[in-house]
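Q: So the protein lines, in turn, are chains L and V.
In terms of the numbering used here, the numbers along the first sequence are unbroken and rise by one, the last being 273.
In terms of the numbering used here, the numbers along the second sequence are unbroken and rise by one, the last being 1280.
This is the structure I want to talk about, given as structure tokens.
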Amino acid sequence: MSTFTLPDTDVSIKLVDGLTKEQLLEFPAFKNWIKTLQSNLSLQASDPSHEFHKSPYSLKHIQIQAIDRFGPRIGFMKIHATVTNSEGEFLPGAIFLRGASVGMLVVLQPDDLPENSQEEKYVLLTVQPRIAAGGLQFVELPAGMVDKGTFNGTAAREIEEELGLKIPADELINLSELAIPAREEGKTEICPRAMFPSAGGCDEFVPIFLHEKRIPRKQLAEWTGKLTGLREEGEKITLKLVRLEDLWLEGARDAKALAAWALYDGLKRSGKL
Amino acid sequence: MAFNLPGFKNPVPVNIKVGNITEGELLRFRAFNDWQKTLKASLDLQQDPDHPFHKAPYELKSIEIQSVDWFAKNTDRAFVGFVKLEADVRNEEGKSLPGIAFLRGMSVAMLMILRPSDSKTERWVIMTEQPRIPAGSLRFLEIPAGMMDDHKTFSGAAAKEIKEETGLTVHEHDLQDLTSLALKNAENLESLQYGMYPSPGGQDESIRIFLWEKVMDRQEIVGLTGRLSGKRASSEMITIRILPYEQLWEVGARDAKTLAAWSLYEALKRSRRLSNTKTW
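Following this line, the structure appears as structure tokens:
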């Protein structure tokens, strides 16, 4: 276990076995988190009206506690950050570090309806084991990553396998960014324009994307039939189609599903979508 | 340190890789206890011939405890706050399930709505703004979160600040449980909590979302708004804010709890499943 100082700072960092300084500094989630935090900490000094200007907090030390690798790549990290001020007050610093992912609201509608009809819209949901939640059939909005121009990950693969539906990045609308303006009145902090599932303990942020598609009614019926029919034995992840107006109910346990319903409804009603 | 987790058919060795928790302390950590009970119940459902995994059921083989965070350390009130573990869950075909879990247990969130007595439609929402170091922010806006204490009252740092700033306390008998209202009539395939799960892929956390809706004199609400919209009192960690309801889904769009609460409130209201607001 070794300790080093974060370059250009007074922050000491204690590593764990199996993690080098270089690996830590290259881990995207760590890089993004520390950059955001340091930028927002610096506002305390530069802004005399900042609520913590008198006794600003500073980052003193980071303890790496555990890492999870997926192959050679670092997937998750558990760390503890010591953030304190001159009055001996500490901010909660236990963090499960995992970086960003995306939620994908896939809305399908038969194409024989008028263009601006809100009728007969359906949403794709995933059903899969989620050991952390203690369930084997947890219903969620599809999750994954958007990189190299498409929606990727287990859910994306399943959607492509089952339905032949690929979701290219240029057919996506970022609902989170539509709701959260780039320039916010009176706001100086930098913060990703995305949903934070659990900001009290985790760095994760999840922009919600929309992929809305009108398809032949016959195809929608085929897909519905396929997904409710017998499934290949033991497949870990399966899909289901639900009515858009029921998304809040069918996905009531899932933060991404509830967020997507809220953003879609809010943006439609306000005319932004 | 290793021991076998009681209650499972085949022994489940638990390997504690850190020096700051004992077997007893781990088993008394409510979140760990709830999580392993829930997981066991979900695994047992595989015995049903209709279960998708019936042919090659998954089994919990072992657990490794990797990190433990204590709260109120070095006091006599110290208690386990978070446990990070990895569970080995696999079937006889060698297929395994991602088993990393950050355990923190259940909490509650409050959608606190104030309605002036002279308007049928106007609504205001009480929010908290505070540092959230994991998000890298010193000013993260959320609906109030915390716990229900032994006196069936909303408690925690946010509740305390709300009481100080507004004089309002939130008691169970004034609440409507939105997550329960939504989920109790849903198709519950497994016995999971009636709560919103922020990040089920990596955390056990579930949040019960409650509605607290009160009609008050407009004067009182104006007074509150005036007091709360000034510059933040220096160095208070949590600041209470009050927001027009129409702005909630946009201004609170970074907070999963806010979007979830808004969805449940709007949907239940539209389907007329919410009771009428109380009047002081």
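Quick reminder that beta carbons are idealized off the backbone N, C-alpha and C, glycines included.
Excluding the 5 residues preceding and the 5 following residue 1168 of chain V in the sequence, name in chain order all residues of the same chain whose CB lies nearer than 7 Å to its CB.
A: 1162.
Q: Determine the contact status of residue 1108 of chain V and residue 1270 of chain V, defining contact as a CB-CB distance below 7 Å.
A: Against a cut-off of 7 Å, the Cβ pair of residue 1270 of chain V and residue 1108 of chain V comes out as no contact.
Q: Any Cβ of chain B within less than 7 Å of the Cβ of residue 221 of chain L?
A: As a matter of chain content, chain B is missing from the structure shown, whose protein chains are L and V.
Q: I'd like to know if residue 156 of chain L contacts chain V, where contact means its C-beta is closer than 7 Å to some C-beta of that chain.
A: Closer than 7 Å: no.
Q: Write down the C-beta distance between residue 146 of chain L and residue 169 of chain L rounded to the nearest angstrom, noting that I regard them as a contact closer than 8 Å.
A: Yes, residue 146 of chain L and residue 169 of chain L are in contact; Cβ-Cβ is about 6 Å, under 8 Å.
Q: Can you round the beta-carbon distance between residue 96 of chain L and residue 1202 of chain V to whole angstroms, since I take them to be within the 8 Å contact cut?
A: Between residue 1202 of chain V and residue 96 of chain L the Cβ distance is about 7 Å, and since that is below 8 Å, they are a contact.
Q: If contact means a Cβ-Cβ distance below 9 Å, which residues of the segment 112-126 of chain L contact chain V?
A: Those residues of the segment 112-126 of chain L that come within reach of chain V (Cβ to Cβ, closer than 9 Å) do not exist; the list is empty.
Q: Keeping to the same chain, check which residues put their C-beta closer than 6 Å to that of residue 61 of chain L; ignore five residues upstream and five downstream.
A: Excluding sequence neighbours, residue 61 of chain L sits near 12, 82.
Q: Pick helix, strand or coil for residue 1248 of chain V, following the three-state DSSP scheme.
A: Residue 1248 of chain V: helix per DSSP, three-state reduction.
Q: Just grab the DSSP bridge partners of residue 1013 of chain V for me.
A: Residue 1013 of chain V is bridged to V:1004.
Q: Counting C-beta neighbours from all protein chains within 10 Å, is the total for residue 1020 of chain V 16 or more, i.e. buried, or is it exposed?
A: Counting Cβ neighbours within 10 Å, residue 1020 of chain V comes out exposed, since fewer than 16 surround it.
Q: DSSP has residue 243 of chain L in a bridge; who is on the other side?
A: DSSP, once it has assigned bridges, lists L:122 as partnering residue 243 of chain L.
Q: Near residue 53 of chain L, what residues of its chain come up, given a Cβ to Cβ distance below 8 Å and the 5 sequence neighbours on each side ignored?
A: Cβ neighbours of residue 53 of chain L beyond the five flanking positions: 44, 45, 47.
Q: What did DSSP end up calling residue 178 of chain L once you bin it into helix, strand or coil?
A: Residue state, collapsed to three classes: helix.
Q: Could you pull out every residue in the same chain whose Cβ sits closer than 6 Å to the Cβ of residue 42 of chain L, ignoring the five residues on either side in sequence?
A: Excluding residues within five positions, none has a Cβ falling inside 6 Å.
Q: Please confirm whether residue 82 of chain L has its beta-carbon closer than 7 Å to some beta-carbon of chain V.
A: Chain V, which has no Cβ nearer than 7 Å to the Cβ of residue 82 of chain L, makes this no.
Q: Against chain V, with Cβ distances strictly below 7 Å, would residue 152 of chain L count as a contact?
A: Closer than 7 Å: no.
Q: Roughly how many angstroms lie between the CA atoms of residue 248 of chain L and residue 1256 of chain V, to the nearest whole one?
A: Going by the C-alpha atoms only, they are around 13 Å apart.
Q: Residues of chain L with CB under 7 Å from residue 1089 of chain V, in chain order?
A: Correct list: 131.
Q: With DSSP collapsed to three states, give me the class of residue 1047 of chain V.
A: Looking at residue 1047 of chain V - three-state DSSP - the assignment turns out to be helix.
Q: Which partner residues of residue 152 of chain L appear in the DSSP bridge assignment?
A: For residue 152 of chain L, which the question treats as bridged, DSSP gives the partners L:145.
Q: Is residue 74 of chain L a contact residue of the ligand NAP, with contact defined as CB to any heavy atom under 6 Å?
A: The ligand NAP is not among the ligands present in this structure, which contains no ligands whatsoever.
Q: I want to know whether the segment 200-215 of chain L touches the segment 102-118 of chain L - three or more CB-CB distances under 8 Å.
A: With a cut-off of 8 Å, the segment 102-118 of chain L and the segment 200-215 of chain L count as touching, because enough Cβ pairs lie within range.
Q: Figure out for me which residue from L:91, L:188, L:239 has the closest Cα to the Cα of residue 160 of chain L.
A: Residue 160 of chain L has its Cα closest to that of L:239, out of L:91, L:188, L:239.
Q: Cutting at 6 Å between CB atoms, please list the residues of its own chain near residue 1279 of chain V, excluding the five before and the five after it.
A: Residue placement at residue 1279 of chain V is flagged as unreliable, the pLDDT there being 41, under the threshold of 50; the coordinate-derived value follows with that caveat. Answer for residue 1279 of chain V: 1215, listed in chain order.
Q: Any beta carbon of chain L sitting closer than 7 Å to that of residue 1019 of chain V?
A: False, the Cβ-Cβ gap to chain L never drops below 7 Å.
Q: In the DSSP assignment, find the beta strand (DSSP E) that holds residue 1117 of chain V and state where it starts and stops.
A: Here residue 1117 of chain V belongs to no beta strand (DSSP E), and DSSP marks it neither H nor E.
Q: Counting along the chain, where does the beta strand (DSSP E) carrying residue 110 of chain L start and finish?
A: 102-110 is the extent of the beta strand (DSSP E) around residue 110 of chain L.
Q: Rounded to whole angstroms, how far is the Cβ of residue 100 of chain L from the Cβ of residue 204 of chain L, which I believe are closer than 8 Å?
A: Confirmed, about 7 Å.
Q: Mapping the DSSP letters down to three states, classify residue 264 of chain L as helix, strand or coil.
A: In the structure shown, residue 264 of chain L sits in a helix (DSSP, three-state: H, G or I).
Q: Could you pull out every residue in the same chain whose Cβ sits closer than 7 Å to the Cβ of residue 1258 of chain V, ignoring the five residues on either side in sequence?
A: Answer for residue 1258 of chain V: 1142, 1143, 1248, 1252, listed in chain order.
Q: Beta strand (DSSP E) containing residue 334 of chain L: first to last residue?
A: As shown, chain L starts at 1 and ends at 273. That puts residue 334 of chain L outside it, with no answer to give.
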